[in-house]
Amino acid sequence: MIKRILIAVMLLLTVSTQVYADKVGGIEIGSRGIKCTGFNVNGSDISKIDSSYNNIGVMSLKNGAITPENITNAVNAVGACKENFDKSGYTKTFIAISSGVNIANNTQDLSHKIFEKTNIQPAILTTKKHWI
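According to our numbering, the residues represented by the sequence shown are -10 to 121, in order.
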């Protein structure tokens, strides 16, 4: 729960600094599936307008890696979500791979295939602390 709140806050902060009045989508690739959330952003006023979840079990690991089948399923789910956002008039979409998925040894493969499908470079979240 806390992780999802942090991801939402990260997306909202990013959105609020880049978009002033628009519909913005956020896609989270989590260990259990893909969550797609749409926001209406008007200056500092942000409201959730749409949400869906695709439970595809991304983290069924084999030898520490996300299986090719699960990568394909995740990429297709992210692509469908992005396509729905585009058809619904969303002007910006952000994609994040959760820190739970990032424990797999082939997260970069997933990220690359998502980029190929959506032309959006996913943010890969980590549990490592970075002090500024």
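Beta carbons: idealized from backbone N, C-alpha and C, even for Gly.
Predicted model only: the values in this text are computed from it and were never measured.
In this structure, ILE23 sits near ALA66, with a CB-CB distance shorter than 8 Å. CA-CA distance, HIS101 to GLN110, rounds to 8 Å.
Per DSSP, reduced to three states, the secondary structure at SER41 is strand. Counting C-beta pairs closer than 8 Å gives three or more between the region 16 to 31 and the region 66 to 79, which meets the contact rule. Residue pairing of PHE28 in beta bridges, as defined by DSSP: VAL13, LYS37.
In the DSSP assignment, ALA85 falls within the beta strand (DSSP E) that extends over 81 to 86. Shown here, ILE23 sits in a strand according to DSSP, grouped into three states.
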